[in-house]
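Engineer:
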Amino acid sequence: MRRGDPDAYAPLVRRHAPAAVRTATFLGAGADAEDVVQEAFVKAYRALDRYREGSAFRPWLLRIVANETRNLHRSAGRRAAREAKAWEQVAPLLAGGRAGAAAAASTGRDDAAEALEAAERRVALVAALGRLATPYREVVTCRYLLGLDEDETAAVLGRPRGTVKSRLHRALRALEADLRAADDDRYRQEVTHDG
Amino acid sequence: MADVHDVHDGLVADLVALGRSVPSRPVDDAFVRRVADGIAAVDGVAGVSPAPPHHRRALSRRVQAAVAAVVAVVVGALAVPPVRAAVADLFGFGGVLVREEPGPAPSTAPPPPGAPSHLTLAQAAELVPFRPAVPEALGDPDGVEVSADRRVLSLTWETDDGTVLLDQIGARLDYAFAKSATGVQFVTVAGNFALWFAQPHEVVVLEPDGTPRRETARLAGHTLIWERGQVTMRLEGDLTRAEAVVVAETVAETVAD
Numbered sequence: 002m003r004r005g006d007p008d009a010y011a012p013l014v015r016r017h018a019p020a021a022v023r024t025a026t027f028l029g030a031g032a033d034a035e036d037v038v039q040e041a042f043v044k045a046y047r048a049l050d051r052y053r054e055g056s057a058f059r060p061w062l063l064r065i066v067a068n069e070t071r072n073l074h075r076s077a078g079r080r081a082a083r084e085a086k087a088w089e090q091v092a093p094l095l096a097g098g099r100a101g102a103a104a105a106a107s108t109g110r111d112d113a114a115e116a117l118e119a120a121e122r123r124v125a126l127v128a129a130l131g132r133l134a135t136p137y138r139e140v141v142t143c144r145y146l147l148g149l150d151e152d153e154t155a156a157v158l159g160r161p162r163g164t165v166k167s168r169l170h171r172a173l174r175a176l177e178a179d180l181r182a183a184d185d186d187r188y189r190q191e192v193t194h195d196g
Numbered sequence: 002m003a004d005v006h007d008v009h010d011g012l013v014a015d016l017v018a019l020g021r022s023v024p025s026r027p028v029d030d031a032f033v034r035r036v037a038d039g040i041a042a043v044d045g046v047a048g049v050s051p052a053p054p055h056h057r058r059a060l061s062r063r064v065q066a067a068v069a070a071v072v073a074v075v076v077g078a079l080a081v082p083p084v085r086a087a088v089a090d091l092f093g094f095g096g097v098l099v100r101e102e103p104g105p106a107p108s109t110a111p112p113p114p115g116a117p118s119h120l121t122l123a124q125a126a127e128l129v130p131f132r133p134a135v136p137e138a139l140g141d142p143d144g145v146e147v148s149a150d151r152r153v154l155s156l157t158w159e160t161d162d163g164t165v166l167l168d169q170i171g172a173r174l175d176y177a178f179a180k181s182a183t184g185v186q187f188v189t190v191a192g193n194f195a196l197w198f199a200q201p202h203e204v205v206v207l208e209p210d211g212t213p214r215r216e217t218a219r220l221a222g223h224t225l226i227w228e229r230g231q232v233t234m235r236l237e238g239d240l241t242r243a244e245a246v247v248v249a250e251t252v253a254e255t256v257a258d
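Chains as they are written, first to last, in our numbering: chain A, 2 to 196; chain B, 2 to 258.
#1: Rounded to whole angstroms, what's the CA-CA distance from Phe58(A) to Phe32(B)? Just pull it up for me.
#2: So who's on the other strand from Thr160(B), going by DSSP bridges?
#3: Indicate whether Thr24(A) and Val157(A) have their beta-carbon atoms separated by less than 9 Å.
#4: Using the three-state DSSP reduction, which class does Ser167(A) fall into: helix, strand or coil?
#5: Give me the subset of the stretch 121-155 of chain A whose CB atoms are less than 9 Å from a CB atom of chain B, sorted by chain position.
#6: CA-CA distance, Ala128(A) and Leu120(B)?
#7: Are the C-beta atoms of Val33(B) and some chain A residue less than 9 Å apart?
#8: Please report the residue range of the beta strand (DSSP E) in which Glu228(B) lies.
#9: In or out: Gln231(B) buried (at least 16 other Cβ within 10 Å) or exposed?
#10: With H, G and I counted as helix, E and B as strand and the rest as coil, what does DSSP make of Ala114(A)?
#11: Are the C-beta atoms of Ile261(B) and some chain A residue less than 9 Å apart?
#12: Can you grab the Cα-Cα spacing for the pair Leu149(A) / Ala123(B), in whole Å?
#13: Say whether chain B places a C-beta atom closer than 9 Å to the C-beta of Thr26(A).
#14: Below 7 Å CB to CB, which residues in the same chain sit around Thr135(A) once its five sequence neighbours on both sides are set aside?
#15: Taking the C-alpha atoms as reference points, what is the distance between Val124(A) and Leu49(A)?
#16: Does the Cβ of Arg132(A) have 16 or more other Cβ atoms within 10 Å, making it buried, or fewer, making it exposed?
#17: Is any beta-carbon of chain B found at less than 9 Å from that of Leu63(A)?
#18: I'd like to know whether the C-beta of Asp15(B) is nearer than 9 Å to at least one C-beta of chain A.
#19: Any beta carbon from chain A within less than 9 Å of Pro136(B)'s own beta carbon?
#20: Going by the beta-carbon positions, is the gap between Leu16(B) and Leu94(A) smaller than 9 Å?
#21: Considering Arg47(A), what are the terminal residues of the alpha helix (DSSP H) in which it resides?
#22: Would you mind working out which of Gly140(B), Asp10(B), Asp38(B) sits nearest Val248(B), comparing C-alpha positions?
#23: So with CB distances below 8 Å, who are the chain A contacts of Ile170(B)?
#24: Indicate whether Val141(A) and Leu176(A) have their beta-carbon atoms separated by less than 9 Å.
#25: Three or more beta-carbon pairs under 8 Å between the stretch 226-242 of chain B and the stretch 152-165 of chain B, yes or no?
#26: Got a sec: is the Cβ-Cβ distance from Leu12(B) to anything in chain A below 9 Å?
#27: Whole angstroms is fine: what's the gap from Val284(B)'s alpha carbon to Thr224(B)'s?
#28: Any C-beta of chain B within less than 8 Å: which residues of the stretch 12-23 of chain A qualify?
#29: Let me know if Pro27(B) comes out buried or exposed under the rule of 16 or more other beta-carbons within 10 Å of its beta-carbon.
#30: Which chain A residues sit within Cβ distance under 8 Å of Ser148(B)?
#31: Between which two residues does the alpha helix (DSSP H) holding Glu84(A) run?
#32: Mark Pro161(A) as exposed unless 16 or more other C-beta atoms lie within 10 angstroms of its C-beta, in which case mark it buried.
#33: Skipping 5 residues on each side, what residues in its chain have a beta carbon closer than 7 Å to that of Thr251(B)?
#34: Between the C-alpha atoms of Ala20(A) and Asp143(B), what's the straight-line distance to the nearest angstrom?
#35: Report all residues from its chain with a CB closer than 6 Å to the CB of Gln90(A); omit the five preceding and five following residues, and keep chain order.
#36: Glu118(A) CB to nearest chain B CB: under 9 Å?
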């Protein structure tokens, strides 16, 4: 598609907007996610001439979305502050979600206990994600939370595929170790309280 | 090297579930309008006039060429303007075109043809321009075949429910499958858009110029089509929708970097 046919662009917008809003949200755009995506679509349209025919549209668009999301927190100052601000938008969304509803909906005691445990695991996982360094959290977010494949993740984050692969590997190992340590702490606390 | 998924199964499943627990929703008309307004405002500033007619012709030509070069899926009863559908699907779906066509749907479909096993997966991987993928849910395939033009890799499994076929089609295709069917449904595979064909439908191979090669037409059964990176995946067999999605979501790469 060439620039100059906005009508033909509308179906593209409809198709890719949900994934784009999700990407912006998970990368920390918060309440501005739709605005970010809207801006990204306008930029993508203007840059259609540079879009390489035959390559996939989605990763190309999501890359623009990721960059726009980063720009959103520019005013927050230093890089660490910007990244912290982005994660603050995501963590509550992930930690809340449907877990509470599931606990409330369950009637049997076993179900309730199970739902509670699932909710606890979920909170622990989100906390561990929060402790992960940003470059690692970003690959995990794209690959697993957003369900992109490795090539798309590489395209969206603007990193070589090999880097994505190795970061994923290390991120998963770090998360496993962190979750185990957090679990041990909790167990020690319980023992202390009981004794 | 083992896929990173293998050693962190539980964690990966938790992460995927965490992502999915945050619902995704479609955008409304107002959103699409705001994008259009944004484009109009930018074009106004840049002094670009509204699209002259020749742009539209150029678009149709490109779409025609694309249709000839991609997988085409033709479905019962004309409803979507073909150009629009083609543009959307061209970008969205590794070149799957969903076009609705009049006519009754065929009633029954024979099982998919088995691929004679004269290749190993490793041999096939050397022939095709993409990395072959295997669904863990099905395990090692019983049959491996690569098309003469090396664009399509076909894997088959002989199961208790008959033959299951998985075609993997490189994004840049010289020919395509065309289909006619009713009852196409949109589903998701690992969060991505996918198409489910519950009804038997006709599968036709297209020549590079877009003309269907009728002699190769055959009836296909339940089929799931989704995109995986630059490769279009097509799973066919006596599977329910849920089973097909599960199989699709267990696809893992066979060849590491």
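A virtual CB, placed ideally from N, CA and C, is assigned to each residue, including glycine.
Structural biologist: For this structure:
#1: Rounded to the nearest angstrom, the gap between the Cα atoms of Phe58(A) and Phe32(B) is 19 Å.
#2: Its beta-bridge partners are Gly163(B).
#3: For Thr24(A) and Val157(A), yes; Cβs fall inside 9 Å.
#4: Three-state DSSP puts Ser167(A) in a helix.
#5: Residues of the stretch 121-155 of chain A with a Cβ closer than 9 Å to any Cβ of chain B, in chain order: Arg122, Arg123, Leu126, Val127, Leu130, Val141, Thr142, Arg144, Tyr145, Leu146, Leu147, Gly148, Leu149, Asp150, Glu151, Asp152, Glu153.
#6: It is roughly 47 Å from the alpha-carbon of Ala128(A) to the alpha-carbon of Leu120(B).
#7: It does: the Cβ of Val33(B) has a partner Cβ on chain A nearer than 9 Å.
#8: Here the beta strand (DSSP E) through Glu228(B) covers 224-229.
#9: Around the beta-carbon of Gln231(B), 16 or more other beta-carbon atoms lie within 10 Å, marking it buried.
#10: Ala114(A) falls in the helix class under three-state DSSP.
#11: The question about residue 261(B) has no answer, for chain B in this structure spans 2 to 258.
#12: Straight across, the Cα-Cα distance linking Leu149(A) with Ala123(B) is about 25 Å.
#13: At least one CB of chain B lies nearer than 9 Å to the CB of Thr26(A).
#14: Only Glu84 meet the Cβ criterion.
#15: Cα-Cα distance, rounded: 41 Å.
#16: Flag for Arg132(A) reads exposed.
#17: No, its Cβ sits nowhere closer than 9 Å to a Cβ of chain B.
#18: Output row for Asp15(B): interface = yes.
#19: Chain A contact via Cβ: absent.
#20: For the 9 Å CB-CB criterion, Leu16(B) and Leu94(A) do not form a contact.
#21: Per DSSP, the unbroken alpha helix (DSSP H) holding Arg47(A) starts and ends at 34-47.
#22: Just measuring C-alpha positions, the residue of Gly140(B), Asp10(B), Asp38(B) sitting nearest Val248(B) is Gly140(B).
#23: What Ile170(B) touches in chain A: nothing, since even the nearest Cβ is about 14 Å away.
#24: In this structure, Val141(A) lies near Leu176(A), with their beta-carbon atoms less than 9 Å apart.
#25: With a cut-off of 8 Å, the stretch 152-165 of chain B and the stretch 226-242 of chain B count as touching, because enough Cβ pairs lie within range.
#26: Interface residue, yes.
#27: A question about residue 284(B) goes unanswered here, because the residues of chain B that appear run from 2 up to 258.
#28: Within the stretch 12-23 of chain A, the residues whose Cβ lies closer than 8 Å to some Cβ of chain B are Pro12, Leu13, Val14, Arg15, Arg16, His17, Ala18, Pro19, Ala20, Val22, Arg23, listed in chain order.
#29: A residue is called buried once 16 or more other Cβ atoms fall within 10 Å of its Cβ, and Pro27(B), having fewer, is exposed.
#30: Taking a Cβ-Cβ cut-off of 8 Å, Ser148(B) has no neighbours in chain A, whose nearest Cβ is about 19 Å from it.
#31: 80-96 is the extent of the alpha helix (DSSP H) around Glu84(A).
#32: With fewer than 16 other Cβ atoms inside 10 Å of its own Cβ, Pro161(A) counts as exposed.
#33: Shown here for Thr251(B): same chain residues with a beta carbon closer than 7 Å to its own, the five before and five after excluded, namely Pro136, Glu137, Ala138 in chain order.
#34: Those two C-alpha atoms are separated by around 36 Å.
#35: So the qualifying residues of the chain are Gly29, Gly31.
#36: It does not: the Cβ of Glu118(A) has no partner Cβ on chain B nearer than 9 Å.
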